[in-house]
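Below you'll find the structure, written out as structure tokens, and then a few comments.
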Amino acid sequence: MSNKIDEAQARQVAKLSRLDLTDDEIKRFSGDLSSILEYIEKLDELNTDSVEPLAHCLPVHNVFRADVPKESLTAEQAVANAPERYDNYFKVPKVLDDNSGA
Amino acid sequence: MSELEYKVIVGLEIHVQLATRTKMFCSCGLGFGGEANTRVCPVCIGMPGVLPVMNKQAFEYSVLAALALNCNIPSFTKWDRKSYYYPDLPKNYQISQYDLPMSEHGYIEIPLEDGTTKKIRILRAHLEEDAGKNTHTFGNFSAIDLNRTGTPLLEIVTEPDLSSGAEVKALAVELQRIVRYLGVSHGDMQKGHMRFEPNINLEIIKEGKAYRTPITEVKNLNSFRALEGSVKYETVRQLDEFMETGVTFGMGNKRTFGWDDVNECTVLQREKEEAHDYRYFPDPDLVPVEMNDEWLAEIKGQLCELPIQKQQRFVDEYKLSEYDAAVLTGDRATAEFFDGAVKLGADAKRVCNILTQTGLKMANEKGCSAAELGVSVENLATLAKMVDAGDINANAATKIFEEMTASDKGPAVLAGKLNLVQKSDAGEIEGFVDEVLGANAEAVAEAKSGSKKSKKAMGFLMGQVMQKSKGQANPQVVSQLLNKKLGESE
Chain Y
26 MSNKIDEAQA RQVAKLSRLD LTDDEIKRFS GDLSSILEYI EKLDELNTDS
76 VEPLAHCLPV HNVFRADVPK ESLTAEQAVA NAPERYDNYF KVPKVLDDNS
126 GA
Chain D
2 MSELEYKVIV GLEIHVQLAT RTKMFCSCGL GFGGEANTRV CPVCIGMPGV
52 LPVMNKQAFE YSVLAALALN CNIPSFTKWD RKSYYYPDLP KNYQISQYDL
102 PMSEHGYIEI PLEDGTTKKI RILRAHLEED AGKNTHTFGN FSAIDLNRTG
152 TPLLEIVTEP DLSSGAEVKA LAVELQRIVR YLGVSHGDMQ KGHMRFEPNI
202 NLEIIKEGKA YRTPITEVKN LNSFRALEGS VKYETVRQLD EFMETGVTFG
252 MGNKRTFGWD DVNECTVLQR EKEEAHDYRY FPDPDLVPVE MNDEWLAEIK
302 GQLCELPIQK QQRFVDEYKL SEYDAAVLTG DRATAEFFDG AVKLGADAKR
352 VCNILTQTGL KMANEKGCSA AELGVSVENL ATLAKMVDAG DINANAATKI
402 FEEMTASDKG PAVLAGKLNL VQKSDAGEIE GFVDEVLGAN AEAVAEAKSG
452 SKKSKKAMGF LMGQVMQKSK GQANPQVVSQ LLNKKLGESE
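Just so you know, the sequences run in chain order Y and D. For reference, each letter of the first sequence is one residue, going 26 to 127 in my numbering. For reference, each letter of the second sequence is one residue, going 2 to 491 in my numbering.
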């Protein structure tokens, strides 16, 4: 069968997900991803012409909380599970191309 | 090079931090600085299995700001995840809004240097969460503080309607006034409450043909100076680059620059090719928001007269200069303090003078607004009326205003206590005038002579009368009486 997701695409998806995969894994995942897509394609058989797009699967909206502060974790608790810490900070490999900042 | 005809095209992406007490999707408090990772919880730290819940105040602040920016508020809006692989947002996505933002299609009116205004279209404004802070200076690693993670941000995107650094700055200043008037943001640039990202390019006319230079995006500017400077610098840099290489706008040649505040120039940033593959999709953890007429009306009720409208009204109705009107509308409390006194019947120009010459100076020294100096609007109005009635002079008004900030007494009481009341009673002053005229025959003769010396002699006589009255006579009344008496005896 022809793969819907070829190896180049699988590599791209891995890169975007920061996954370091071997050639064998790339081969396997391109097959797996392709068959998943093929399976999902079954949904195309359904006629959705008169169905409104759905933004959320629950018939619920406007779930809010009041703007009232509650106690936060301590820094000790916050970094307790971190693989590495520096003082009260999370310690991570140096971020080189720091284009972070939302 | 300056021979080329060109115009500057700038659009802005602006992040405004909302003045809520807590984060967007969890109940951690907001603050500035403080110990690292002390305002975090499982939600903003991105632990598995947690559920974000919207902060109602943050949503309402955003709607209020969007209304002030003349945006449409759709009846339905939702949340999306934007892929983001940096450790300062450890969920690996940012909760934002993609195809159905909470507001769109508005405009902001900005004042131009020539006294006119210009409408800058707004494409959309949506809510999202901020990232934390990366520090790279502790060693060969990065240190992550997540205190800021999850802070509510209103992202405002303008159309590319701005055409100079000065206009970009004017928009930033106007937006700061608006969000502060509404109380939706503290708008403190130094604390990063307002961050600007200009997208800049040029349209150059060369030999009758129009060329567009590649777009530059300058990241994260948080001062008016940097904002204006980056546009000016890019204008020159892009002109030079076009002259040298002839490179024009094309797919994929948009570049990201930073701003070097020390050398005042833009610096090209290294960026990964796939950095912008955001792969948005609806966030299943958050339900949509539906706006109805009743709720929208409630929020609309919190709108106020916007700064630029107030400024215009002060010019039109109160005949203030553009400059004075801009100064008085710098913050809402001062503007309302001024307006309140005028509405109590005081003369606008007089109140304006008291505030700009004394009130704002004191407020500046104390780091508060002129309205917070402890002077009531009624006392301000009375003080201005006393000057206009001739009860006190302008210098006395300054002294009394200063005194009122530290006293609960009204201006009339203080004027008496400080001996600043002017005597306007003609009968009493006439006595002083007669005494002075009788005792200074030489000066009287000179004053009457119409010679060069008469003006000087008149000043001398005036001074003598003022001295006799211990400085309390109304100079206008003295002058009138002197003129009258000198004329009569001719």
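The beta-carbon is built from N, C-alpha and C at its ideal position, and this holds for glycine as well. Every value quoted in this text rests on a predicted model; they were computed, and no experiment measured them.
Going along chain D, which residues have a C-beta under 7 angstroms from residue i?
i      : result
S75/Y  : Near S75/Y there are no residues of chain D at all, since even the closest Cβ is about 19 angstroms away, more than 7 angstroms.
K119/Y : H137, N141, F142, S143
A100/Y : E36, A37, N38, T39
K95/Y  : S28
Y64/Y  : Result: empty, since nearest Cβ-Cβ is about 19 angstroms, beyond 7 angstroms.
Using the Cβ count rule (16 or more neighbours within 10 Å means buried), how would you classify residue i?
i      : result
L79/Y  : exposed
M26/Y  : Below a pLDDT of 50, predicted positions are generally treated as unreliable, and M26/Y, at 48, falls in that range; the measurement from the model is reported next regardless. Classification of M26/Y: exposed, given that the 10 Å Cβ count is below 16.
V38/D  : The displayed chain sequence assigns Asn, not Val, to residue 38/D. Result: buried.
Y324/D : exposed
C82/Y  : exposed
K170/D : buried
M244/D : exposed
V93/Y  : exposed
R53/Y  : exposed
L44/Y  : exposed
L419/D : exposed
E235/D : buried
P308/D : buried
V237/D : exposed
E491/D : No answer about E491/D holds up, because its pLDDT of 49 lies below 50 and its placement is not dependable.
E443/D : exposed
I216/D : buried
At the level of alpha carbons, what is the spacing between residue i and residue j?
i      : j      : result
T78/D  : M55/D  : 13 angstroms
L68/D  : N264/D : 39 angstroms
K67/Y  : N73/D  : 39 angstroms
K255/D : P49/D  : 36 angstroms
I145/D : Q18/D  : 20 angstroms
E429/D : L183/D : 54 angstroms
K57/D  : S28/D  : 12 angstroms
A167/D : D332/D : 21 angstroms
Q177/D : L329/D : 15 angstroms
Y492/D : C45/D  : This structure does not reach residue 492/D, given that chain D is present from 2 up to 491, and the question cannot be answered.
S322/D : V316/D : 6 angstroms
L172/D : L155/D : 16 angstroms
N221/D : E175/D : 19 angstroms
M2/D   : Q270/D : Only weak support is given to the placement of M2/D: the predicted model assigns it a pLDDT of 46, under 50, and the value that follows is read from those uncertain coordinates. Their Cα atoms are separated by approximately 27 angstroms.
D131/D : Q95/D  : 8 angstroms
E379/D : A327/D : 23 angstroms
V437/D : D389/D : 28 angstroms
E114/D : S165/D : 12 angstroms
G133/D : I157/D : 20 angstroms
V343/D : Y85/D  : 53 angstroms
K350/D : A395/D : 12 angstroms
R122/D : G346/D : 39 angstroms
L356/D : V180/D : 23 angstroms
H16/D  : K29/Y  : 40 angstroms
P43/D  : A407/D : 49 angstroms
S370/D : V185/D : 18 angstroms
Going by the beta-carbon positions, is the gap between residue i and residue j smaller than 7 angstroms?
i      : j      : result
M25/D  : G151/D : yes
L70/D  : G107/D : yes
L421/D : A397/D : yes
K92/D  : G32/D  : no
V76/Y  : V288/D : no
N148/D : R40/D  : yes
A385/D : T335/D : no
I10/D  : P153/D : no
At 9 angstroms on the CB atoms, spell out the chain D contacts of residue i, in chain order.
i     : result
R43/Y : Y86, N93
Mind pulling the chain Y residues with CB within less than 9 angstroms of residue i?
i      : result
Q177/D : Result: empty, since nearest Cβ-Cβ is about 20 angstroms, beyond 9 angstroms.
E291/D : H86, N87
Kindly identify the DSSP beta-bridge partner or partners of residue i.
i      : result
S143/D : V117/Y
E204/D : K8/D, R213/D
D261/D : C266/D
E63/Y  : Answer is none; E63/Y lacks a bridge partner.
G253/D : Answer by DSSP bridge pairing: none, since G253/D is not bridged.
F77/D  : E291/D
N56/D  : R90/Y
K119/D : I111/D
Given that residue i touches chain Y, what residues does it touch there, using C-beta distances under 7 angstroms?
i      : result
D146/D : Y114
E14/D  : Simply none; closest approach about 11 angstroms.
Run down chain Y in chain order and give the residues with a C-beta less than 8 angstroms from the C-beta of residue i.
i      : result
D278/D : L41
Q58/D  : A91, D92
For residue i, decide whether its Cβ has a neighbour in chain B, counting only Cβ atoms nearer than 7 angstroms.
i     : result
V38/Y : Protein chains Y and D are contained in the structure displayed, whereas chain B is not.
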